[in-house]
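Student: Numbering of the sequence shown is given in our numbering, commencing with residue 2 and proceeding in unit increments.
Glycine is no exception: its CB is placed at the ideal position from the N, C-alpha and C atoms.
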Amino acid sequence: MRKILFLPFLQMPSGHHQAAEALIDMLKIRKKDIVLKKVDLLSYMNVSLEKMVTRTYLKWIKNWPGTYDRVYKNLTYSAIGRDSFKGYDLLFSKKMLKLLDDEQPDVIICTHSIPSYLVNELKRKGKCHVPVMNVYTDFFINDVWGKEEIDYHFVPNQDMKTKLMVEHHVPHEKIIVSGIPVHEQFKRKAINLPTNTRRKVLISGGSSGLGDIYELITAAGSSGAFDYYVLCGKNRKLYEKIRSLGSANIHPLPYISSRSEMNEWYDRVDAVVTKPGGITVSEALRKNLPIFVHSVLPGQEEINLEYLEKKNLVFRIDKSLPLESQLKRVLRNQPAMKNWQAAKNAYEKGLEMLSPDQMTKFIQSLLEPALTLSRQA
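1) Give a yes or no on whether the minimum CB-CB distance between V202 and chain D is below 8 Å.
2) Compute the Euclidean distance between the alpha carbons of D271 and A344, then round it to the nearest angstrom.
3) Give the straight-line distance between the Cα atoms of D213 and L306, rounded to the nearest whole angstrom.
4) Going by C-alpha to C-alpha distance, which of H169, E174, A249 sits closest to K201?
5) Using DSSP with H/G/I as helix, E/B as strand and the rest coil, what is I181?
6) Considering only residues of the same chain and omitting the five flanking positions on each side of K312, which have a CB-CB separation below 7 Å?
7) Which whole runs of the alpha helix (DSSP H) in the segment 243 to 328 are 4 residues long or more, in chain order?
8) Could you pull the DSSP bridge partners for H154 from this structure?
9) Where does G210 sit, in a helix, a strand or coil, going by DSSP?
10) Report yes or no: do the segment 252 to 269 and the segment 163 to 173 share at least 3 C-beta pairs separated by less than 8 Å?
11) Buried or exposed for V167, please, with buried defined as at least 16 other CB atoms from any protein chain shown within 10 angstroms of its CB.
12) Please classify D228: does DSSP put it in a helix, a strand, or coil?
13) When the Cα atoms are used, what is the spatial distance from V131 to V108?
14) So, are the CB atoms of C111 and L8 less than 8 Å apart?
15) How should G88 be labelled, buried or exposed, when 16 other C-beta atoms within 10 angstroms of its C-beta is the threshold for buried?
16) Alpha carbon to alpha carbon, how far is K242 from Y215?
17) Which one or two residues does DSSP pair with I5 in a beta bridge?
18) Label Q377 either buried or exposed according to how many other C-beta atoms from any shown protein chain fall within 10 Å of its C-beta, with 16 as the threshold for buried.
19) Closest to I142 by C-alpha separation, out of M161, K126, F10, H18, would be which residue?
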């Protein structure tokens with residue numbers, strides 16, 4: 002049986018894993034004769050090392066966000082950073098080659114920039130001979146991603162396609178504007194145009210304690226115009242603090258692991274208040290839900306937010322003002338809602354591959370013998 006190997010990075014829950022899982026489940030439904038495997042390179046190398054790196058990373062962005070932001074941008078958007086990529090080769094290249102030798106994939110799909118860079122270098126050196134796809138999970142491309150040797154690029158928007166063509170000379174036929182992969186269980190729903198009825202708002206971003214959820218919700222306002230449902234994830238302390246408020250219109254929700262249950266919550270609400278992660282935003286856009294951004298992590302999310310605001314796809318929350326008044330200003334304002342819908346429609350119009358069947362057919366074509374290169378050098 003032919004095999005597709007998916008390469009995210011680190012084991013912590015992230016958009017890189019969610020995108021890979023969305024594609025894996027999509028293919029499982031339609032193709033029973035393909036082996037689908039997801040491997041984190043760092044865990045493959047050393048499980049204890051991966052856990053230590055994950056803990057350090059989460060502590061870093063929580064306690065020293067400014068330094069993380071500077072390091073991220075220096076490493077991914079500067080000449081100094083490009084020189085430092087050679088360190089990835091020294092640390093990981095041999096292990097990546099061993100992983101590929103162990104797994105013997107027929108197609109490789111990278112959902113994180115570091116595996117993409119490593120595989121790109123192996124292809125450049127003639128040590129990897131199978132088709133490789135990048136699947137991007139943010140609304141921009143950093144400099145770590147492999148580009149020139151990658152066979153196909155699934156990008157979120159037309160701007161990224163143009164960047165790859167102009168700055169990296171990637172042929173247009175190798176770039177597919179697919180949007181960020183969203184799991185099929187998140188079904189589209191019709192948009193609710195504003196009325197004067199009581200609205201329901203889903204608030205997320207508190208799972209790892211990295212957003213100011215409690216402060217935001219306690220300052221929301223208590224007119225009763227909105228019901229707030231707060232996704233607390235595994236943050237039990239946040240859950241208990243919100244529950245202890247005893248508010249009739251603020252409802253904490255425990256960790257939700259089921260996508261179908263999450264889809265039902267999306268169907269119940271009229272808007273989401275969240276952070277600008279690529280997957281979360283893409284899910285909300287799929288569900289036709291206006292998106293309000295309450296906080297942003299340094300690095301990737303800041304760059305995402307800059308793009309999303311430029312395209313009028315999200316509304317940034319001003320923390321100096323009550324949340325309720327800002328929600329009313331949009332959700333009860335028909336022109337504002339129509340402008341947002343027009344921006345969302347313009348974004349979706351730029352997508353070139355929308356259906357899971359189309360994506361499956363394309364990925365399947367990479368497995369055909371006539372299109373699959375020999376693994377032998």
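Tutor: Quick look at the numbers:
1) In summary, chain D is missing from the structure at hand, where a single protein chain is found.
2) In a straight line, the C-alpha of D271 is about 18 Å away from that of A344.
3) Rounded to the nearest angstrom, the two C-alpha atoms are 17 Å apart.
4) K201 has its Cα closest to that of A249, out of H169, E174, A249.
5) In this structure, I181 counts as coil in the three-state DSSP scheme.
6) Cβ neighbours of K312 beyond the five flanking positions: A344, Y348.
7) Contiguous alpha helix (DSSP H) elements confined to the segment 243 to 328 occur at 260 to 269, 279 to 287, 301 to 311, taking only those with 4 or more residues.
8) N135, I176, per the DSSP bridge assignment.
9) Confidence at G210 is low in this model, with a pLDDT of 45, below 50, so its placement is unreliable and no value can be given for it.
10) Cβ pair count under 8 Å is below three, so no.
11) With fewer than 16 other Cβ atoms inside 10 Å of its own Cβ, V167 counts as exposed.
12) In this structure, D228 counts as strand in the three-state DSSP scheme.
13) For V131 and V108, the distance between alpha carbons rounds to 6 Å.
14) Contact annotation: C111 and L8 have beta-carbon atoms nearer than 8 Å.
15) Under this definition G88 is an exposed residue.
16) The straight-line gap from Cα to Cα measures roughly 8 Å.
17) For I5, which the question treats as bridged, DSSP gives the partners L37, V108.
18) Confidence at Q377 is low in this model, with a pLDDT of 39, below 50, so the placement of that residue should be treated as unreliable; the coordinate-derived value is given next. So Q377 counts as exposed.
19) Nearest to I142 by alpha-carbon distance, out of M161, K126, F10, H18, is M161.
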